[in-house]
Amino acid sequence: MDLFSLEGRVAVVTGSASGLGKAMAKGLAQAGAYVVCGDIQLEANEAVVEEIGRDRSASFELDVTDEESVRKLADYAVDTGGPIDVLVTSAGIGGRGKAIEYSDDLWEQIMDINLTGTFRTCRAIGRKMIGQGKGGSIITIASIGGMVAFPGSVGYQSSKGGVVQLTRSLAVEWAEHGVRVNAISPGHIATAIVKKQWEAEPELREFFLSRTPLGRLGTPEDLVGAVLFLASPASGMVTGQVIAVDGGYVAQ
């Protein structure tokens, strides 16, 4: 089981205040990592750090649309925990709407947070990892929406498709430095934000449930196993891959 141990490792997780990021931050800490949690929702992020324990984690108020904020996160992580071993880029937003009615403002906001924000974070932490000279593992959070299509999320799906290709590109470029870059593509996960969307579109839950071979929708905790695998020595020969945690949705 030492293959999956993260004892002595430092991990940075963005979007850690809720949902997928919160579950993965807690899972990394339980595997032994010191976790630096970055999120724009400072109060909720502080609560996550309290849950994990301040001896095992730290909170940083992060805005992934601001390059300076992302750079400061990278510096803070090193100053607080030491050399960075793992990055998980979970900061992101949705954005439902018909394509013919989709505004430029919404499109640009989603791209800035989901795609460019992911790149900013990978770039800042990647610089640290390469400079440290001991490699590392970067795990981006894409989506099945970046792999297959469904109606009503053109901006979100386009941004996540970009994350998939960003992941592959960085994996190839940074392999010589021992920095592995992989993506997790969640299916339709029952987070608080998704449940709120179900109130506006009650048919959305049934749409995804009926197309999921395992017969259930995912929970944030379903991503923990995948993130621990990709963060740990167990995946030492794995890079440039996209792992769908989706109950079989994209296998069809």
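Our numbering puts the first residue of the sequence shown at 2, with every later residue one more than the last. In this text, a Cβ means the ideal position worked out from N, Cα and C, and glycines have one as well. These numbers were taken from a predicted model, which means no experiment stands behind them.
| Item | Value |
| --- | --- |
| Terminal residues of the beta strand (DSSP E) in which residue 187 lies | 180-187 |
| Which listed residue (203, 187 and 200) has its alpha carbon closest to that of residue 1 | Only positions 2 to 253 of the chain appear in this structure, which leaves residue 1 out of reach. |
| Residue 62, DSSP secondary structure in three states | strand |
| N-terminal and C-terminal residue of the beta strand (DSSP E) that residue 15 is part of | 11-15 |
| Short Cβ contact (9 Å threshold) for residue 126 with residue 66 | no |
| Those runs of the beta strand (DSSP E) which lie wholly inside the segment 118-175 and span at least 3 residues | 137-142 |
| Backbone secondary structure at residue 103 - three-state DSSP | coil |
| Among 192, 147, 132 and 244, nearest to residue 222 - alpha-carbon criterion | 192 |
| Cβ shell of residue 123 (< 8 Å), same chain only, five flanking positions each side left out | 88, 90, 139, 141, 167, 171 and 182 |
| Close-in-space but distant-in-sequence residues of the same chain around residue 52 (CB under 8 Å, 5 per side omitted) | 27 |
| Where the beta strand (DSSP E) containing residue 40 begins and where it ends | 35-40 |
| Meets three-Cβ-pair contact criterion under 8 Å: the segment 94-101 and the segment 18-34 | no |
| Paired residues, beta bridge with residue 190 - DSSP | 219 |
| First through last residue of the alpha helix (DSSP H) which encompasses residue 81 | 68-82 |
| Beta carbon of residue 7 nearer than 9 Å to that of residue 80 | no |
| Helix, strand or coil at residue 26 according to DSSP, with G and I counted as helix | helix |
| Option in 202, 211, 216 and 245 with minimal Cα separation from residue 185 | 245 |
| Reduced DSSP category for residue 228 - H, G, I as helix; E, B as strand; rest coil | helix |
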